[in-house]
Every structure is written in structure tokens, then in C-alpha cells.
Amino acid sequence: MKDQILFLFNHLLFVLVMVFIYQFWLDRKERTFEQKRMMHIIFSTICVIFCMSFTVTLTDEFIVDLRQIPMLIAALYGGVYAAIPLAIITVGYRFIIGGAGIVGAVSMGISIIIISLIFSKRYLTWSIRKKVIWSMLLALYASSLVLTVYIVLSAGIELLTNGLPEKNIIYIFGVFIIFHVAGTGIATYAFEKINSFINMKQRIIQTEKIELISHLAASISHEVRNPLTVSRGFMQLLLEDSLKDKKNEYASIAINELDRAERIITDYLTFAKPIEERQEIFDVRQECLHVIEVIRPLANMNAVEVTTHLTEAYTEGSRQSFQQCLLNITKNGIEAIEDGGALHIELLANNKHITLLVRDTGKGMTEEQMKRLGEPYFTTKGAKGTGLGMMVSYGIIHSMNGSIKVTSELGKGTCFEITLPRKNENEQE
Ligand code: ADP
Ligand code: MG
Numbered sequence: 001m002k003d004q005i006l007f008l009f010n011h012l013l014f015v016l017v018m019v020f021i022y023q024f025w026l027d028r029k030e031r032t033f034e035q036k037r038m039m040h041i042i043f044s045t046i047c048v049i050f051c052m053s054f055t056v057t058l059t060d061e062f063i064v065d066l067r068q069i070p071m072l073i074a075a076l077y078g079g080v081y082a083a084i085p086l087a088i089i090t091v092g093y094r095f096i097i098g099g100a101g102i103v104g105a106v107s108m109g110i111s112i113i114i115i116s117l118i119f120s121k122r123y124l125t126w127s128i129r130k131k132v133i134w135s136m137l138l139a140l141y142a143s144s145l146v147l148t149v150y151i152v153l154s155a156g157i158e159l160l161t162n163g164l165p166e167k168n169i170i171y172i173f174g175v176f177i178i179f180h181v182a183g184t185g186i187a188t189y190a191f192e193k194i195n196s197f198i199n200m201k202q203r204i205i206q207t208e209k210i211e212l213i214s215h216l217a218a219s220i221s222h223e224v225r226n227p228l229t230v231s232r233g234f235m236q237l238l239l240e241d242s243l244k245d246k247k248n249e250y251a252s253i254a255i256n257e258l259d260r261a262e263r264i265i266t267d268y269l270t271f272a273k274p275i276e277e278r279q280e281i282f283d284v285r286q287e288c289l290h291v292i293e294v295i296r297p298l299a300n301m302n303a304v305e306v307t308t309h310l311t312e313a314y315t316e317g318s319r320q321s322f323q324q325c326l327l328n329i330t331k332n333g334i335e336a337i338e339d340g341g342a343l344h345i346e347l348l349a350n351n352k353h354i355t356l357l358v359r360d361t362g363k364g365m366t367e368e369q370m371k372r373l374g375e376p377y378f379t380t381k382g383a384k385g386t387g388l389g390m391m392v393s394y395g396i397i398h399s400m401n402g403s404i405k406v407t408s409e410l411g412k413g414t415c416f417e418i419t420l421p422r423k424n425e426n427e428q429e
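Below, the structure is given as C-alpha cells:
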């Protein structure tokens with residue numbers, strides 16, 4: 001019996017190796033759904049043929065293999081288009097090698113197709129845990145099916161004539177079922193885990209790209225500033241030379257606009273600069289005003305009225321990080337407002353603490369969304385969102401020994417309450 005168990009382990013190992021190879025293939029470049037399905041068919045066919053070629057003899061008549069595992073996985077992940085060719089291949093191969101297993105193979109083939117029809121669409125949306133549990137349940141079903149077919153076909157007659165089977169056979173059936181159920185669970189888990197690692201890698205690459213772009217933005221805005229300054233200079237000359245009123249007016253408008261462009265670029269430049277982690281004591285009110293200046297164009301574009309009530313109050317931390325955090329939160333507020341609304345920023349202080357309230361009249365959040373806030377890559381904005389803003393903001397506030405509280409009502413709006421320790425203007429630690 002030991003040898004047989006070892007053989008079954010070999011089957012499992014083969015399936016796992018195939019899972020690895022498949023995932024590495026997936027990792028090499030972007031693959032379309034059709035390509036993936038094709039690979040599901042190819043890989044599981046290889047597994048199935050391997051399993052069927054090296055069958056394990058558990059008793060004289062009970063010759064088994066673990067082909068149900070790759071078949072189930074292919075059916076669940078590849079859907080009915082993977083299940084049908086696979087069913088045909090197994091039955092065909094079974095037919096070529098011959099033997100009594102053909103009824104089992106056919107019933108298994110049909111089951112796999114039915115399973116894929118029922119499950120494959122829903123399956124892909126489930127969490128890893130649910131996937132593992134369900135694949136194990138289905139493996140329990142598939143292995144029991146094979147056993148039933150076996151008992152009815154061959155052992156059944158013997159059972160009728162010779163009475164109850166010896167203890168050994170129960171043990172063997174147990175091994176058979178356990179191998180299938182546990183094996184499928186392990187294979188599914190491996191499949192999912194490797195997949196999620198690969199996805200994570202791709203997301204990190206994306207984040208790095210964003211960072212690169214923001215660094216580029218810094219240098220680009222620097223470059224744009226030079227021609228702006230030059231144009232402004234000539235405008236100035238024009239203004240001095242010209243005598244006609246109209247031209248005068250145009251030139252001064254142009255100068256104002258150039259100044260505005262210059263201001264916007266300066267503001268963005270501070271955000272795009274790599275964050276320096278210098279700790280300092282700074283005026284929160286000043287930073288709020290600065291951030292409001294920066295988001296004003298976005299607010300105007302979305303018909304959002306920004307109102308403030310700010311008191312002067314100092315805290316300690318990285319000024320730039322704080323700006324970034326506030327920018328994230330106010331930007332989210334504006335983005336949550338669909339057709340016009342208000343964003344109110346309020347800064348209060350007592351002896352020990354500063355409280356900053358950012359309140360919007362946007363669409364609000366559900367309980368579920370609030371719970372997930374700050375989770376990396378959680379976004380409801382599709383491709384437009386990064387889902388990193390809140391994560392970064394929480395990190396920044398925590399690093400300043402502060403806290404963020406969120407209250408939100410669906411359809412009414414959201415309020416972010418940031419609490420920070422208050423410092424004296426001249427305090428040094
Ligand atoms: P992103 O803005 O890129 O989506 P964030 O981390 O900044 O990422 O925000 C995550 C999600 O939290 C948003 O997609 C949105 O669903 C929700 N959210 C954040 N702030 C608000 C808000 N003020 N009102 C409604 N939903 C919000
Ligand atoms: Mg955001």
C-alpha cells in the first residue's frame with residue numbers, strides 16, 4: 001500500500017508542477033482569455049494523459065489515477081469550452097488503452113461538462129477561500145462518482161455474492177477520496193496564490209510607473225516655466241511700448257494669465273517633487289490654504305464650491321507629506337460630487353489637538369466601502385482611480401501620530417476627521 005500512496009503523490013506532484021509552469025507562462029506577458037483557455041486545455045490534457053498512463057493499482061480491480069484534479073481545475077477556470085475537449089480527450093484516450101474504465105470515464109466527462117456549465121462563470125469572481133472549498137466539494141463529488149461506478153460495475157457483483165467487503169477496501173476507498181479532495185484543494189490554492197503574487201508584481205510595476213511619471217512631471221514643469229518667463233518678459237516690453245489702450249489691456253490680461261500658469265506649475269512642482277521626509281513644525285492653516293489653491297481648478301471644473309473656516313495651529317511632521325494627504329482627501333471629496341455641491345474645510349484646535357474636518361456633499365459610501373477604505377488598490381473609480389490615495393493618507397497621518405475618522409452617509413456626503421497633536425510655533429523637540 002505504501003508504494004501506491006507514493007504513486008498517487010507523484011500524480012499530485014505532476015499536477016502541481018504543471019500549475020507552476022502554467023502560471024510562469026501567464027507571467028511572461030499579457031495573455032488574452034482565449035490564450036489562457038487554450039493553455040488550460042493543453043496543460044490539463046498533459047496532466048490527464050500522464051495520470052492515465054501511470055495508473056495506480058490499489059486492489060486487483062481498482063486501478064486509479066488522479067486525473068479528476070486537472071479536469072476539475074480546467075473546467076472551473078477554463079469553462080465549458082475547456083471542459084468539452086478535455087472530456088472528449090479523456091474518453092478517447094480511455095478507449096485507446098481499453099479496459100473496463102470506459103463507463104467511469106464517460107460519466108466523469110459528462111459531470112465535468114455539467115460542472116463547468118454551472119460553476120465556471122461564478123467561480124472566477126469568488127474569494128480564494130470559497131474557491132478552495134468549492135473545488136474540494138466538487139472533488140468529493142467526482143471521486144465518489146468514480147467509486148460508485150466502480151462498485152456498481154465490478155465490485156457490486158462480488159459484494160452480492162461474497163457479502164461485505166474486507167476492511168482493507170474501505171481503507172483504500174478512503175485513501176482514494178482523501179487524495180482527490182485534498183489534492184484538488186492544494187492545487188487550487190497553489191493556482192490562486194501564485195496568481196495573486198503575479199498580479200501583485202504587476203501592480204507594483206504600475207505604481208512605479210506612476211512615480212516615474214510624477215518625477216517626470218517635475219522636470220517638465222520646470223522646462224515649461226522658462227518659455228513662460230520669457231514670454232512674460234516680452235509682454236511686459238509690449239506693454240511699455242504700446243500707446244493704444246486696447247493693446248495695453250490685452251497685454252496685461254496675457255501677463256495675468258501667464259502668472260497664473262506659473263503659479264499652477266509651481267504648486268504642482270511641490271507635489272511632484274520626490275517627498276523629502278524632513279520633520280518640521282508647520283502651520284496647518286497655511287498648508288490648507290495652499291492645497292485649496294491647488295485643487296481650486298478641479299473644484300471649478302466640477303462645480304464644487306469650496307468653503308473654509310480655518311484657525312492658525314501648528315503641528316509636527318513632514319510638510320510635503322501632509323500636503324499630499326490633504327490633497328488626496330480633498331480631491332476624493334470633489335470627485336465624489338457628481339453634479340455640483342460643496343466642500344467645506346474646517347480647522348479647529350484646542351490645547352492638545354488639532355482637528356481638521358473635510359466635509360463633502362458627494363455620493364457617500366456604503367458600510368462595505370468604508371471598511372475597505374485605505375486598503376491598497378481599493379477604488380470605485382475604475383481605470384481612473386488608483387486606490388492608493390487613502391492608503392498613503394492613512395500612512396502619513398499615522399506617522400504624524402494622528403488619526404483619521406470617517407463618517408459617511410450614502411447619497412448625502414462624507415466627512416473626514418483628522419486629529420493631530422498640536423505643537424507650539426517655536427517648540428523644538
Ligand atoms: P482613488 O481616489 O484612486 O479611487 P482612494 O484611495 O483615494 O483611491 O479612494 C478609494 C475609494 O474610496 C474611492 O474610489 C471612493 O470609492 C472612496 N472614497 C474616498 N473618499 C471618498 C469620499 N469623500 N466620498 C465618497 N467615496 C470616497
Ligand atoms: Mg483618490
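In the UniProt record's numbering, the protein residues as written are 1 to 429.
For glycine and all other residues, C-beta sits at the position ideal for the given N, C-alpha and C.
Query, Result
"How would you label N332, buried or exposed, when you count the other beta carbons within 10 angstroms and need 16 or more for buried?", "buried"
"Is N199 near the ligand MG, in the sense that its beta carbon is under 7 Å from a heavy atom of that ligand?", "no"
"Is the segment 78–94 close to the segment 44–51, with three or more CB pairs under 8 Å?", "yes"
"Beta carbon of G395, beta carbon of I418: below 8 Å?", "no"
"Counting only runs of 4+ residues fully inside the segment 367–425, write out the alpha helix (DSSP H) ranges in chain order.", "367–372, 389–399"
"For the ligand MG, enumerate in chain order all residues having a CB closer than 6 Å to any of its heavy atoms.", "N328, K331, N332, G389"
"Is any heavy atom of the ligand ADP found at a distance shorter than 7 Å from the C-beta of M391?", "yes"
"Figure out for me which residue from L145, R232, G362 has the closest Cα to the Cα of L410.", "G362"
"Could you check whether the segment 104–112 touches the segment 120–128, counting it as contact only if at least three pairs of C-beta atoms, one from each stretch, sit closer than 8 Å?", "no"
"To the nearest angstrom, how far is the alpha carbon of F322 from that of E287?", "8 Å"
"So, using beta-carbon positions, are F24 and V56 closer together than 8 Å?", "no"
"Just to confirm before moving on: does the CB-CB distance between V175 and I5 stay below 8 Å?", "yes"
"Assign D259 to one of two classes, buried (16 or more other C-beta atoms within 10 Å of its C-beta) or exposed (fewer than that).", "exposed"
"Can the beta-carbon of G382 be found closer than 8 Å to that of K412?", "no"
"With a CB to CB cut of under 6 Å and the five nearest residues on each side skipped, what residues in its chain are close to I63?", "T55, T57"
"Out of curiosity, what's the CA-to-CA distance linking M38 and A75?", "12 Å"
"Please return the same chain residues whose Cβ sits closer than 8 Å to the Cβ of I128, not counting the five positions on each side in sequence.", "Y189, E192, K193, S196"
"Between which two residues does the beta strand (DSSP E) containing I115 stretch?", "It is not in any beta strand (DSSP E) - I115 instead sits in the alpha helix (DSSP H) that spans 102–123."
"Using only the alpha-carbon positions, how far apart do R232 and L298 sit?", "25 Å"
"Rank L12, Q202, G341 by C-alpha distance to the C-alpha of G185 and give the top, closest one.", "L12"
"Considering only their Cβ atoms, is the gap separating L373 from V406 smaller than 8 Å?", "yes"
"Could you tell me the boundaries of the beta strand (DSSP E) in which I354 lies?", "353–360"
"Would you list the one or two residues that DSSP bridges to L343?", "V306, D360"
"For Q202 and F20, what's the separation of their Cα atoms in angstroms?", "18 Å"
"In whole angstroms, what separates the C-alpha of V152 from that of F173?", "14 Å"
"Sorry if obvious, but does the Cβ on T355 come closer than 7 Å to a heavy atom of the ligand ADP?", "no"
"Between Y314 and chain B, is there a C-beta pair that is closer than 8 Å?", "Looking for chain B here will not work: only one protein chain is present."
"Looking at D245 and the ligand ADP, is the gap between the Cβ and the nearest heavy atom below 7 Å?", "no"
"Looking only at C-alpha atoms, which of A261, I253, E240, L237 sits nearest to N226?", "A261"
"How many angstroms separate the CA atom of I178 from the CA atom of N302?", "60 Å"
"Grouping DSSP H, G and I as helix and E and B as strand, with all else coil, what is residue 431?", "What is shown of the chain runs 1 to 429, which leaves residue 431 out entirely."
"How long is the line joining the alpha carbons of M200 and R28, rounded to whole angstroms?", "14 Å"
"Once you ignore the five residues that flank F378 on each side, which residues in its own chain have a CB closer than 7 Å to its CB?", "R372, G387"
"Return the chain-ordered list of same chain residues with a C-beta closer than 6 Å to the C-beta of M136, the five sequence neighbours on each side being excluded.", "V181, T184, G185"
"In terms of alpha-carbon separation, which member of V392, N248, A105, A251 lies closest to Y150?", "A105"
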